[in-house]
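Protein sequence lines, in the order shown, are assigned to chains A and B.
First residue of the first sequence? That's 115 in my numbering, and the numbers climb one at a time after it.
First residue of the second sequence? That's 115 in my numbering, and the numbers climb one at a time after it.
Read the structure below first, then the notes.
There are 2 protein chains.
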Amino acid sequence: MTTKVPIVENILSANEQLAVSNRARLDAAGVFAINVMASPGAGKTSLITRTIEALRETHRIGAVDGDIATTLDADRIAAFGAPTVQINTGGACHLDAVMLQGALPQLPLEELDLLIVENVGNLVCPASFKLGVHRSVLIASVPEGDDKPYKYPVMYRGVDGLVLNKMDVLDAFDFDVDYFRQGVEALNPGLAFFPLSCKTGEGLEGWLNWLRNEVQDHVPGNPGKDR
Amino acid sequence: MTTKVPIVENILSANEQLAVSNRARLDAAGVFAINVMASPGAGKTSLITRTIEALRETHRIGAVDGDIATTLDADRIAAFGAPTVQINTGGACHLDAVMLQGALPQLPLEELDLLIVENVGNLVCPASFKLGVHRSVLIASVPEGDDKPYKYPVMYRGVDGLVLNKMDVLDAFDFDVDYFRQGVEALNPGLAFFPLSCKTGEGLEGWLNWLRNEVQDHVPGNPGKDR
């Protein structure tokens, strides 16, 4: 006697199911959301505060800040007037869709245009957990070295925009921008690339224009990117 | 009728059991081993090559290099003449005792005094996986920022030595060494601290002296630190 084992295709993981639900909730409220990832100290919070500062006259912006411990970053962001929710992961090395699900009800979603999610500082784990946002952005930084695309390919493959921060100290480091970009292009051809300095403000306009366009072009409910 | 449930204490996880076994193997061969951890780009490979260069006349040194992809770092280390084994974790965000167990037979352990294990670039996950080595060392770097002890406390708590690399660019960054050290002291009082620059070589002697002493003072089989 044989038993036929049913094969069910396209089963979503629990995390992916919740990501879909988060996306639906954001779309229903008309909020465009991005996930910002990077190594520790690459400049996530600096880019976010610069972005809020530049766009707050034209966009209603909220933030979710993921950290293992402390509210240092969330405090910095909230100081720029954006409604901010802190997620302390309590040791976990990434945000996931469950954590974002818990954060969304604490934000005035109906009153926001843009939600910026700051992930935990980590160039590995966050790449594997969808949150249900519309775009993912990676911040690299000059002092980290030009070999990072080669050594952390999963992260570089799964993003829609790449910021290279701390360009103001390029001369102090042995960083070959061409070698860096070759590594990026091999993994993610045509990836939007923004070399800039959050410290001096140089190059920020390219990043801001890209983000403005992404928010403007977004059609809620359009499946688009799956991040 | 009641059943008495036996309580078994001190059960080691599978990883910890293998760490004990790795330690026994290292001790049997008379090898002192350290685990070097850091964020991506903080300077793990640079510190290791500087260390091999400085100690190779007096110590027989081998290396294990953990990376998600590529052999870029292992190639750099092997170029300094140390027997080197590359572990490509294939996406995993840390080394564990199983991976080290697989690497040890590929090294001439009986001919080594010191084994340097370079973990995956990650300030979170490697802190949770013992390898069976004798000491753990963390490399922070100036461009990462002075708030990292506060934000990544688990990593800072579990190490025996702390290097602060890239001191040559201190003036280019807004890094308060006192604030950094206060955070460290609160988590790990009296932690050996070595501000240095792998680029210029300044400050390396303090680190090298500490490492020389740790190797010299080590009594194989002494339980000591459990890393």
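Glycine included, every Cβ here is placed at the ideal spot set by N, Cα and C.
No experiment lies behind these values; they were computed from the predicted model shown.
Item: In this structure, how does DSSP classify Pro-222 (chain B) when only helix, strand and coil are distinguished?; Value: coil
Item: Near Met-151 (chain A), which residues of its chain fall below 6 Å by C-beta distance, leaving aside the five closest residues on each side in sequence?; Value: Asn-233, Pro-240 and Leu-252
Item: Counting only beta-carbon atoms, is Leu-318 (chain B) nearer than 8 Å to chain A?; Value: no
Item: Provide the residue span of the beta strand (DSSP E) that contains Ala-206 (chain A), from first to last.; Value: Looking at the DSSP string, Ala-206 (chain A) is not in any beta strand (DSSP E), and its letter there is neither H nor E.
Item: Would you mind reading off the limits of the beta strand (DSSP E) that contains Ile-148 (chain B)?; Value: 146 to 152
Item: May I ask you to list, following chain order, the residues of the segment 159 to 192 of chain B that have a beta carbon less than 9 Å from some beta carbon of chain A?; Value: Asp-181, Ile-182, Ala-183, Thr-184, Leu-186 and Asp-187
Item: Express the C-alpha separation of Pro-267 (chain B) and Lys-313 (chain A) in angstroms, rounding to a whole number.; Value: 26 Å
Item: Taking 8 Å as the threshold (beta carbon to beta carbon), is Leu-237 (chain B) in contact with chain A?; Value: yes
Item: Can at least three beta-carbon pairs, one atom from the segment 296 to 303 of chain B and one from the segment 322 to 335 of chain B, be found at a separation below 8 Å?; Value: no
Item: Let me check understanding here. Comparing Cα to Cα, which of B:Gly-320, B:His-248 and B:Asp-227 lies closest to Glu-171 (chain B)?; Value: B:Asp-227
Item: Taking the CB atoms as reference points, tell me whether Asn-149 (chain A) and Ser-250 (chain A) lie closer together than 8 Å.; Value: yes
Item: Quick test of your reading: Ser-153 (chain A) and Glu-258 (chain A), contact by CB under 8 Å. State the CB separation rounded to the nearest angstrom.; Value: 6 Å
Item: Touching or not, the segment 274 to 282 of chain B and the segment 301 to 310 of chain B, by the rule of three or more beta carbon pairs under 8 Å?; Value: yes
Item: Taking contact to mean at least 3 C-beta pairs separated by less than 8 Å, is the segment 131 to 140 of chain A in contact with the segment 158 to 169 of chain A?; Value: no
Item: Would you call the segment 190 to 206 of chain B and the segment 173 to 182 of chain B touching, i.e. three or more CB-CB distances under 8 Å?; Value: yes
Item: Check the Cβ-Cβ distances between Asp-261 (chain B) and every residue of chain A, and say whether any is below 8 Å.; Value: yes
Item: If the cut-off is 7 Å on Cβ atoms, which residues from the segment 269 to 294 of chain B count as contacting chain A, listed in chain order?; Value: Lys-280, Val-283 and Ala-286
Item: Using the Cβ count rule (16 or more neighbours within 10 Å means buried), how would you classify Leu-126 (chain B)?; Value: exposed
Item: Decide if Gly-216 (chain B) is buried, meaning its Cβ has at least 16 other Cβ atoms within 10 Å, or exposed.; Value: exposed
Item: Please say whether Leu-229 (chain A) and Val-147 (chain A) have beta carbons closer to each other than 8 Å?; Value: Going by the sequence as given, residue 147 (chain A) is Ala instead of Val. Contact flag set, yes.
Item: At a Cβ threshold of 8 Å, is Glu-107 (chain B) touching chain A?; Value: Nothing about residue 107 (chain B) can be reported from this structure: the residues present for chain B run from 115 to 341 only.
Item: Determine the extent of the alpha helix (DSSP H) in which Ala-156 (chain A) is found, giving its start and end residues.; Value: Element bounds for Ala-156 (chain A): n/a, residue is neither H nor E.
Item: Kindly indicate which residue of B:Asn-236, B:Asp-282 and B:Phe-287 has the alpha-carbon position closest to the one of Tyr-270 (chain B).; Value: B:Asn-236
Item: May I have the straight-line CA-CA distance separating Val-238 (chain B) from Gly-246 (chain B), to the nearest angstrom?; Value: 18 Å
Item: Please state if the CB of Leu-223 (chain B) and the CB of Val-291 (chain B) are separated by a distance shorter than 8 Å.; Value: no
Item: Excluding the 5 residues flanking Leu-132 (chain A) on each side, which residues of the same chain have their C-beta closer than 6 Å to its C-beta?; Value: Ala-211, Val-212 and Gln-215
Item: Is there a C-beta anywhere in chain A that falls below 8 Å from the one on Lys-244 (chain B)?; Value: no
Item: Can you give the beta carbon distance from Thr-184 (chain A) to Lys-265 (chain B), rounded, assuming they're within the 8 Å contact cut?; Value: 6 Å
Item: Kindly indicate the opening and closing residues of the beta strand (DSSP E) around Ser-353 (chain A).; Value: Not covered by the structure: residue 353 (chain A). The range shown for chain A is 115 to 341.
Item: To the nearest angstrom, report how far apart Lys-244 (chain B) and Gly-205 (chain B) are at their CA atoms.; Value: 19 Å
Item: Among the residues of its own chain, which have a CB less than 6 Å from the CB of Ala-168 (chain B), if the five just before and after it don't count?; Value: Leu-322
Item: For His-248 (chain B), which residues from the same chain have a beta carbon less than 7 Å from its beta carbon, with the 5 sequence-adjacent residues on both sides left out?; Value: Phe-146, Ala-147, Ile-148, His-332, Gly-338, Lys-339 and Arg-341
Item: With distances taken from CA atoms, which of B:Ser-311, B:His-173 and B:Ser-135 is nearest Phe-287 (chain A)?; Value: B:Ser-311
Item: What is the rounded straight-line gap between the Cα of Asp-187 (chain B) and the Cα of Asn-136 (chain B)?; Value: 23 Å
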